[in-house]
Amino acid sequence: MSGSTNRRKLEHLDIVRGDDASDRCKAYFDRIQLRHRALPEVNLRDIDPSVELMGKRLSFPLLISSMTGGDHDALRKVNRNLAIAAEVTQVGMGVGSQRVMFSEPAARKSFAIRQHAPQTLLFANLGAIQLNNGCDACHCREAVELVEADALFLHLNPLQEAIQPEGDTNFHGLTARIGEVSREIDAPVVIKEVGAGISGADAEQLLGEGIRYIDVAGSGGTSWSRIEAHRAPAGQADLGVLFQDWGIPTPVALRQLNHLSPGVTLFASGGIRDGIDMIKAIVLGARLCGIARDFIQPALLSPEAVIERIEALRREFVTAMFLLGIQSLPDLIQRPDLILNDVDSRL
Ligand SMILES: Cc1cc2nc3c(=O)[nH]c(=O)nc-3n(C[C@H](O)[C@H](O)[C@H](O)COP(=O)(O)O)c2cc1C
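Residue numbers for the sequence shown, in the numbering used here: 4 to 350.
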């Protein structure tokens, strides 16, 4: 299993870079129009997009979403460059699934990124399905300790597992296992999807187990069904292509979840591609916006290339805040009144 987990992470990076259509570019956020202010009554220079989360202050609500790690120079380089850039720009960062570190000790180094990002909000990552497959609270603690993370992402990926030839598809009893583990470890647990979305029914189940952080990770961006289609045995790619747009679009998932109790913190990811998409996700109730695939190319180049991309996103975000007449971030969260059109009829 060890070598295969590592090889899979490398293959995923190659597929994402080689197949532009693995980004579904559904632009669901483009269907939402915001209420422009001709008289914003704020000074652009005074706008403060910073946000506090889990005891850390971020310069604006951006998360470099969980992607990779493993025993290979390219994987170490991606995580190192992302971590350095996250530290310089004060944004959050997640590492990819750490399952590989339990079977392949040489992979551990790629996850030990705290040295590059001493102040950064960092997230460890494991597949929740592994809790039905031999992983327990000890593994989760070890993953958090290696990253020296502030929190742990447990990802849900039933679509990917169903399409993957070697997929783990026994999701029976998983909600309760997630609850048990989250109560046994000290770090906060954030449940995320990987691009097919979390529904209102899923969220209710998670809340019942005491989960308080959810990243909806909806459809519209990276499609794991399509990525896995590339890895399917000859003649079996059709299933992954058929399901490539399956899932709940990110803005729809946010709307389904934003009535949940005020104690729940929502993150958004999946198809967020610029600062305006980020603003719309925040208006719909998210406190943090994750972007994954757009960081791969710059991360393979240098920390500076990643920083450049983050700074562009920040300028876009601040410009949109200005044009909405919003001076500080808390005034932007969950503000459906800032939406001009009838979103329900458009999404
Ligand atoms: C190359 C790549 C690898 C990923 N690996 C993981 C992973 O290991 N764990 C995880 O929770 N999500 C993983 N994701 C999913 C992202 O964190 C994110 O939720 C999803 O891709 C949607 O964001 P995007 O449309 O901006 O890519 C990965 C995404 C990409 C592009």
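A virtual CB, placed ideally from N, CA and C, is assigned to each residue, including glycine. These numbers were taken from a predicted model, which means no experiment stands behind them.
- Counting the other CB atoms within 10 Å of its CB gives Cys-143 a total of 16 or more, which places it among the buried residues.
- The continuous alpha helix (DSSP H) containing Ala-256 extends over residues 253-260.
- Scanning Gly-170, Ile-313, Leu-242 for the CA closest to the CA of Arg-276 turns up Ile-313.
- In this structure the segment 281-297 does not touch the segment 229-248; the number of beta carbon pairs closer than 8 Å is below three.
- Across the set Ile-294, Ala-190, Leu-149, the C-alpha of Ile-294 shows the shortest separation from the C-alpha of Ser-68.
- For the pair Leu-269 and Ile-194, the Cα-to-Cα distance works out to about 10 Å.
- Bridge partners of Phe-270 according to DSSP: Asp-218, Leu-291.
- The alpha-carbon separation between Ala-89 and Ala-109 amounts to approximately 24 Å.
- Ranked by how close their Cα comes to the Cα of Pro-254, the residues Gly-211, Ala-165, Ile-282, Asn-84 have Ile-282 in first place.
- In the DSSP assignment, Lys-80 falls within the unbroken alpha helix (DSSP H) covering 76-92.
- Nearest Cα to Gln-208 within the set Leu-316, Ala-256, Thr-178, Ile-217: Thr-178.
- Here Arg-229 is buried. Its C-beta has 16 or more other C-beta atoms within 10 Å.
- Within the chosen limit of 7 Å, ligand 1 reaches the beta carbon of Lys-195 through at least one heavy atom.
- In the DSSP assignment, no residue is bridged to His-233.
- Judged by their CB atoms, Gly-198 and Ser-222 are nearer to each other than the 8 Å cut-off.
- Every beta strand (DSSP E) stretch that sits fully inside the segment 175-230 and reaches 3 residues is listed by chain position as 192-195, 216-218.
- Exposure of Asn-46 is indicated by the presence of fewer than 16 other C-beta atoms within 10 angstroms of its C-beta.
- With a cutoff of 7 Å, Asp-33 does not count as near ligand 1, since its C-beta is closer than that to no heavy atom of the ligand.
- A distance below 8 Å separates the beta carbons of Gly-328 and Pro-43.
- With fewer than 16 neighbouring CB atoms inside 10 Å of its own CB, Ser-106 falls in the exposed class.
- Taking 7 Å as the cut-off, the C-beta of Asp-297 counts as close to a heavy atom of ligand 1.
- By the criterion of at least three beta-carbon pairs nearer than 8 Å, the segment 89-104 is in contact with the segment 126-134.
- Residue side-chain check: Gly-278 keeps its Cβ at 7 Å or more from all non-hydrogen atoms of ligand 1.
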